[in-house]
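Some notes on the structure that comes next.
Numbering (my numbering), first residue to last: 1467 to 1952.
Following this line, the structure appears as structure tokens:
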């Protein structure tokens, strides 16, 4: 959504104040010769320029239509997390944009009464003209006689009409990636909507973005995607995964010149690697920011904070590249220009740092869904329209803890805490067991376990380390699957 400038009608500039005419009796200065230059009136006072109100265009990243149980202390099926814990705000904000640009008015001082103003102005004007002519003549003479006197240096372009930038520089990477990114506008049937970002996934017109960017348009809403060159296309949702916070849309009448962004390997990313983020922060499309990978495998449960929404879980790439409302769904690139993640959430300093009613801004803590996971999800959505989640078949507590993920005594909605015949049951896990590691990853809570499980595919074999009656044990487990968000 483009930024609109709104304001009141600009009033006409006031006319210049009249210049008093001296008379011989009122002035001791001689009158200007007949036919000589007369003093021009003072310049008009600049008109009032009303403050521009910027409509940011970065909407609420709400996820609707998914009832959720109480967050803290409630059990969660390891295959599908239930409720939204306190969580970082989605990367596209969550509130209406605020205005920007303050009104500015410059007032011209009123002329002082008196009979000598005209003569003074004329005298200053003549002096200025004389000085200007003298200075110009001397400058020309000096330049003609001594060209070496200049201390300025101009860079030579060697005849090139444009500066050639290193393709591996930030400018080079951004210039190549920008044409394959889009600004997405989603509007629900009730008129509510928002702005986010996406990127070209294949030549068939599929665009990958966040689920919360397009959630409003899923059931009969409007959806469009605009490229940096101004081309705008209507689009439709192919599939969306609320738990992964990944969605795929398809352009209607997609152009034939689409260039998908190259996908990297998020498993090979290292802390300290350079990052480049592209998006539409606060509605400002095609914005590029840079940073580094500041952490890996960061457990993040993000949501809009609504009581009727479920959380999205990820084992995220953390970056300090500036990510703001409207960046959601945009690509996080490595230094070569390959996509390593999908920008999805930010940590906010408002309301305790987790969501809140006010619109948040970057404090240098942004989170991206690793592209290896997002690629798998996107391919499933294109193929079947539905997400497929890996699961262990056990309900775990979502309480804030650092002790591990405890299998609850009660399942969700009266179901068994350990699914009979499911992966956890086959591995010998029981209610009360506390899972502390999945393979070599430390598990400190239920949300961390869920996010880590979802980095795997159904059928993957993992080693679970858990505590029972104070004793540490291990067991092997083959992950099951669950289709859909319901």
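Don't be surprised by glycine CBs; every beta carbon is placed ideally from N, CA and C.
Start-to-end residues for the beta strand (DSSP E) that takes in residue 1929: Along the chain shown, read from residue 1 onward, the residue named residue 1929 stands at position 463. Unbroken beta strand (DSSP E) run through residue 1929: 1927-1934.
Paired residues, beta bridge with residue 1809 - DSSP: For the purposes of this step, residue 1809 is identified with residue 343 of the chain shown, where counting begins at 1. Partner(s): 1834.
Go to residue 1698, then tell me how far its beta strand (DSSP E) extends in each direction, as first and last residue. Position 232 of the chain shown holds residue 1698. Following the DSSP letters along the chain, one finds residue 1698 inside the beta strand (DSSP E) bounded by residues 1698-1707.
In whole angstroms, give me the CA-to-CA distance for residue 1799 and residue 1845. Counted from its first residue, the chain shown places residue 1799 at position 333. Counted from its first residue, the chain shown places residue 1845 at position 379. Rounded to the nearest angstrom, the two C-alpha atoms are 20 Å apart.
Just to confirm the assignment: which complete alpha helix (DSSP H) runs, minimum length 4, are found wholly within the region 1854-1926? Taken in chain order, the unbroken stretches of alpha helix (DSSP H) that lie wholly in the region 1854-1926 and span 4 residues or more are 1889-1892, 1912-1919.
Residue 1677, enclosing alpha helix (DSSP H) - first and last residue: The count along the chain shown starts at 1 and reaches residue 1677 at position 211. Its alpha helix (DSSP H) spans residues 1677-1680.
What is the DSSP secondary structure of residue 1630, reduced to helix, strand or coil? Position 164 of the chain shown, counted from the first residue, corresponds to residue 1630. Residue 1630 falls in the coil class under three-state DSSP.
Output needed for residue 1689: all residues of its chain with C-beta closer than 8 Å, excluding positions within five of it in sequence on either side, in chain order. In the chain shown, the residue the question calls residue 1689 occupies position 223. Result list for residue 1689: 1650, 1651, 1652, 1653, 1680, 1683, 1700, 1701, 1702, 1703, 1715, in chain order.
Would you mind sorting residue 1821 into buried or exposed? The rule is 16 or more other CB atoms within 10 Å of its CB. In the chain shown, residue 1821 corresponds to position 355, counting from 1. Because the pLDDT of residue 1821 is 37, which lies under 50, any placement of that residue in the model is unreliable, and the number read from its coordinates should be weighed accordingly. The residue in question, residue 1821, is buried, as its Cβ has 16 or more Cβ neighbours within 10 Å.
Tell me whether residue 1949 is buried or exposed, calling it buried when 16 or more other Cβ atoms sit within 10 Å of its Cβ. Against the chain shown, residue 1949 aligns to sequence position 483. Exposed, since its Cβ has fewer than 16 Cβ neighbours within 10 Å.
DSSP-derived helix/strand/coil call for residue 1941: As a working mapping, residue 1941 is identified with position 475 in the chain shown. Three-state result, residue 1941: strand.
Identify every residue that forms a DSSP beta bridge with residue 1799. Here residue 1799 refers to the residue found at position 333 of the chain shown. The partner list for residue 1799 (beta bridge, DSSP) reads 1742, 1805.
Residue 1851 and residue 1873 closer than 8 Å at C-beta: Position 385 of the chain shown, counting from 1, holds the residue named residue 1851. Position 407 of the chain shown, counting from 1, holds the residue named residue 1873. The answer is no: Cβ separation not under 8 Å.
Can you list, in chain order, the residues of its chain whose CB lies under 8 Å from that of residue 1926, leaving out five sequence neighbours each side? Here the question's residue 1926 lines up with position 460 in the chain shown. Excluding residues within five positions, the ones whose Cβ falls inside 8 Å are 1856, 1944, 1945.
DSSP beta-bridge partners for residue 1665? By one-based count along the chain shown, residue 1665 stands at place 199. Beta-bridge pairing links residue 1665 to 1647, 1674.
Looking at residue 1806: is its Cβ nearer than 8 Å to the Cβ of residue 1735? Stepping through the chain shown from its first residue, residue 1806 is reached at position 340. Stepping through the chain shown from its first residue, residue 1735 is reached at position 269. Yes, the pair counts as a contact, with Cβ atoms nearer than the cut-off.
Roughly how many angstroms separate the alpha carbons of residue 1663 and residue 1894, rounded to a whole number? Walking along the chain shown from the start, residue 1663 turns up at place 197. Walking along the chain shown from the start, residue 1894 turns up at place 428. Cα to Cα, the separation comes out at about 44 Å.
Does the beta-carbon of residue 1637 have 16 or more other beta-carbons within 10 angstroms, so that it is buried, or is it exposed? Counting from one through the chain shown, the residue named residue 1637 turns up at place 171. Under this definition residue 1637 is an exposed residue.
Going straight from the alpha carbon of residue 1784 to that of residue 1725, what length do you get? Here residue 1784 corresponds to residue number 318 of the chain shown, with the count starting at 1. Here residue 1725 corresponds to residue number 259 of the chain shown, with the count starting at 1. Whole-angstrom Cα-Cα distance: 27 Å.
Nearest-angstrom beta carbon gap, residue 1674 and residue 1789 [assumed within contact, 8 Å]: Here the question's residue 1789 lines up with position 323 in the chain shown. Here the question's residue 1674 lines up with position 208 in the chain shown. Contact between residue 1789 and residue 1674 does not hold, since the beta-carbon distance rounds to 17 Å and is not under 8 Å.
Could you check whether residue 1753 and residue 1745 sit closer than 8 Å to each other, using their CB atoms as the reference points? Taking the first residue of the chain shown as position 1, residue 1745 is located at position 279. Taking the first residue of the chain shown as position 1, residue 1753 is located at position 287. Yes. Within cutoff.
Look at the alpha carbon of residue 1900 and the alpha carbon of residue 1864, and state the distance between them as a whole number of angstroms. For the purposes of this step, residue 1900 is identified with residue 434 of the chain shown, where counting begins at 1. For the purposes of this step, residue 1864 is identified with residue 398 of the chain shown, where counting begins at 1. Those two C-alpha atoms are separated by around 12 Å.
Got a sec? Which residues, its chain only, sit under 8 Å from residue 1645 by beta carbon, not counting five neighbours each side? Your numbering for residue 1645 matches position 179 in the chain shown. For residue 1645, the CB contacts under 8 Å within the same chain, skipping 5 residues up- and downstream, are 1693, 1694, 1695, 1725 in chain order.
In this structure, what does DSSP give as the bridge partners for residue 1779? Residue numbering aside, residue 1779 sits at position 313 when the chain shown is read from its first letter. Per the DSSP secondary-structure output, residue 1779 pairs in a beta bridge with 1767.
Based on the DSSP secondary-structure assignment, which residues constitute the bridge partners of residue 1761? Counting from 1 along the chain shown, the entry for residue 1761 is found at position 295. In the DSSP output, where bridge partners are listed per residue, residue 1761 has 1784.
Is the beta carbon of residue 1654 within less than 7 Å of some heavy atom of the ligand NAD? Among the components modelled here there is no ligand, and therefore nothing to report on the ligand NAD.
Let me make sure I understand the geometry here. Which of 1666, 1658, 1740, 1866 has the alpha-carbon closest to that of residue 1686? Against the chain shown, residue 1686 aligns to sequence position 220. Considering only alpha carbons, the answer is 1658.
Where residue 1725 sits in the DSSP three-state scheme: Translated into positions along the chain shown, residue 1725 becomes position 259. Annotated three-state conformation of residue 1725 is coil, per DSSP.
Would you give the residue range spanned by the beta strand (DSSP E) that residue 1946 belongs to? As a working note, residue 1946 is residue 480 in the chain shown. In this chain, the beta strand (DSSP E) harbouring residue 1946 covers 1946-1949.
Rank 1889, 1861, 1867, 1869 by C-alpha distance to the C-alpha of residue 1876 and give the top, closest one. Within the chain shown, numbered from 1, the residue matching residue 1876 stands at position 410. Per the Cα distances, 1861.
Do you know whose CA, among 1707, 1667, 1669, 1618, lies nearest residue 1854's CA? Taking the first residue of the chain shown as position 1, residue 1854 is located at position 388. The option with the nearest alpha carbon to residue 1854 is 1707.
Please confirm whether residue 1666 and residue 1742 have their CB atoms less than 8 Å apart. By one-based count along the chain shown, residue 1666 stands at place 200. By one-based count along the chain shown, residue 1742 stands at place 276. It is not a contact, given that the beta carbons lie outside the stated cut-off.
Rounded to whole angstroms, what is the Cα-Cα separation between residue 1777 and residue 1920? Stepping through the chain shown from its first residue, residue 1777 is reached at position 311. Stepping through the chain shown from its first residue, residue 1920 is reached at position 454. Their backbone Cα atoms lie some 13 Å apart in a straight line.
Would you mind sorting residue 1711 into buried or exposed? The rule is 16 or more other CB atoms within 10 Å of its CB. Your numbering for residue 1711 matches position 245 in the chain shown. By the neighbour-count criterion, in which 16 or more other beta carbons inside 10 Å mark a residue as buried, residue 1711 falls on the buried side.
Report back the beta-carbon spacing between residue 1910 and residue 1867 to the nearest angstrom; my notes put them in contact at under 8 Å. Counted from its first residue, the chain shown places residue 1910 at position 444. Counted from its first residue, the chain shown places residue 1867 at position 401. The beta-carbon separation of residue 1910 and residue 1867, rounded to 7 Å, stays under the 8 Å limit for a contact.
Less than 8 Å between C-beta atoms, sequence neighbours within five positions excluded: which residues of the same chain meet that for residue 1896? Counting from one through the chain shown, the residue named residue 1896 turns up at place 430. Close CB contacts of residue 1896 within its chain, under the 8 Å cut and outside five residues either way in sequence, are with 1873, 1884, 1934 (chain order).
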